[in-house]
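Notes follow once the structure below has been shown.
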Amino acid sequence: MRLSSLADYAVVMMAAAARHCGASCRLNATALAGETGLPLPTVQKLVSKLSAAGLLESARGTGGGFRLARPAAAITVADIVEAIEGPIALTACVDSGKHDCCVEETCRVKPHWNAVNGAVKGALAGISLSQLSASPTPGASRPEPGDRIPAFAGEQV
1 MRLSSLADYA VVMMAAAARH CGASCRLNAT ALAGETGLPL PTVQKLVSKL
51 SAAGLLESAR GTGGGFRLAR PAAAITVADI VEAIEGPIAL TACVDSGKHD
101 CCVEETCRVK PHWNAVNGAV KGALAGISLS QLSASPTPGA SRPEPGDRIP
151 AFAGEQV
């Protein structure tokens with residue numbers, strides 16, 4: 001499972017916007033492209049999608065630009081991913097509009113996919129933009145490949 005490049009770039013871009021000034025000042029796409037290393041047309045496309053999703057506010061003209069539509073602490077990774085990718089749905093059976101699975105009628109796993117999907121979405125919703133835009137804590141440990149991260153609050157590892 002992997003996010004699209006656009007969803008990844010949107011998270012990078014939103015974190016940079018939060019670091020700059022959050023909801024208190026306006027940024028322009030050129031400056032953000034320079035800071036993140038993303039191509040200007042990509043930044044412009046993402047600003048449009050993120051604005052349509054209500055995560056950015058944009059204004060044209062002198063003094064224009066864009067800013068976060070709400071505080072960084074109130075924007076999650078799930079919000080950003082869904083703004084670019086649409087609803088988080090790991091399989092067709094958790095996507096309310098699609099029913100194109102050839103084993104859907106007899107599948108014994110289908111009743112469990114909503115819980116799996118909810119755990120993934122919950123993990124993404126548990127990480128705020130303010131957390132992503134903060135400087136990493138020196139000496140903070142990073143998960144090693146194969147480490148199991150608890151999916152639910154209070155779950156034992």
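At position 125 of the sequence shown (counting the first as 1) the number is 125 in UniProt numbering, and the numbers step up by one without a gap. Even glycine gets a Cβ: it sits at the ideal position worked out from N, Cα and C.
Candidates the options: which alpha carbon is nearest residue i's?
i, options, result
"A53", "T36, A78, M1, R2", "A78"
"G65", "V47, A72, I75", "V47"
"A73", "A17, H112, E104, V43", "A17"
"K45", "V103, S5, C21", "S5"
"L38", "Y9, S51, L56, E57", "Y9"
"C21", "E105, G34, R70", "R70"
Classify residue i as helix, strand or coil using the three-state DSSP reduction.
i, result
"T42", "helix"
"S133", "helix"
"S5", "helix"
"Q156", "Because the pLDDT of Q156 is 46, which lies under 50, any placement of that residue in the model is unreliable, and the number read from its coordinates should be weighed accordingly. Correct three-state label for Q156: coil."
Could you name the residues of the same chain whose beta carbon sits closer than 7 Å to that of residue i, not counting the 5 residues immediately before and after it, in chain order?
i, result
"V81", "L3, A7, I88, L124"
"R19", "S133"
"I127", "T76, V77"
"F152", "The predicted position of F152 is uncertain, since its pLDDT is 48 and thus under 50; a value taken from the coordinates is nonetheless stated next. Excluding sequence neighbours, F152 sits near A119."
Less than 8 Å between the CB atoms is what I'm expecting for residue i and residue j, so what's the real figure, rounded?
i, j, result
"L83", "K121", "Correcting the residue type first, residue 83 is Ala in the shown sequence and not Leu. At roughly 14 Å, the Cβ-Cβ gap does not stay under 8 Å, so A83 and K121 are not in contact."
"L29", "V43", "Reading the sequence as shown, one finds Ala at residue 29 and not Leu. Their Cβ separation, rounded to whole angstroms, is 5 Å, which keeps A29 and V43 in contact under 8 Å."
Sorted by chain position, which residues of the same chain lie with C-beta nearer than 8 Å to residue i's C-beta, five sequence neighbours on each side aside?
i, result
"C107", "C93, C101"
"A26", "The amino acid at residue 26 is misidentified as Ala; the sequence shows Arg. For R26, where only same-chain residues beyond five positions count, the Cβ hits under 8 Å are A59, G63, G64, G65, F66, R67."
"N114", "V94"
Who are the near neighbours of residue i in its chain, counting only those whose CB is closer than 6 Å to its CB and skipping five residues on each side?
i, result
"N117", "L90, V94"
"L129", "M14, A18, A72, I75"
Legend entry - Entirely enclosed beta strand (DSSP E) segments - the region 50 to 90, minimum 3 residues: Counting whole runs of 3 or more residues, the region 50 to 90 contains the beta strand (DSSP E) stretches 56 to 59, 65 to 68.
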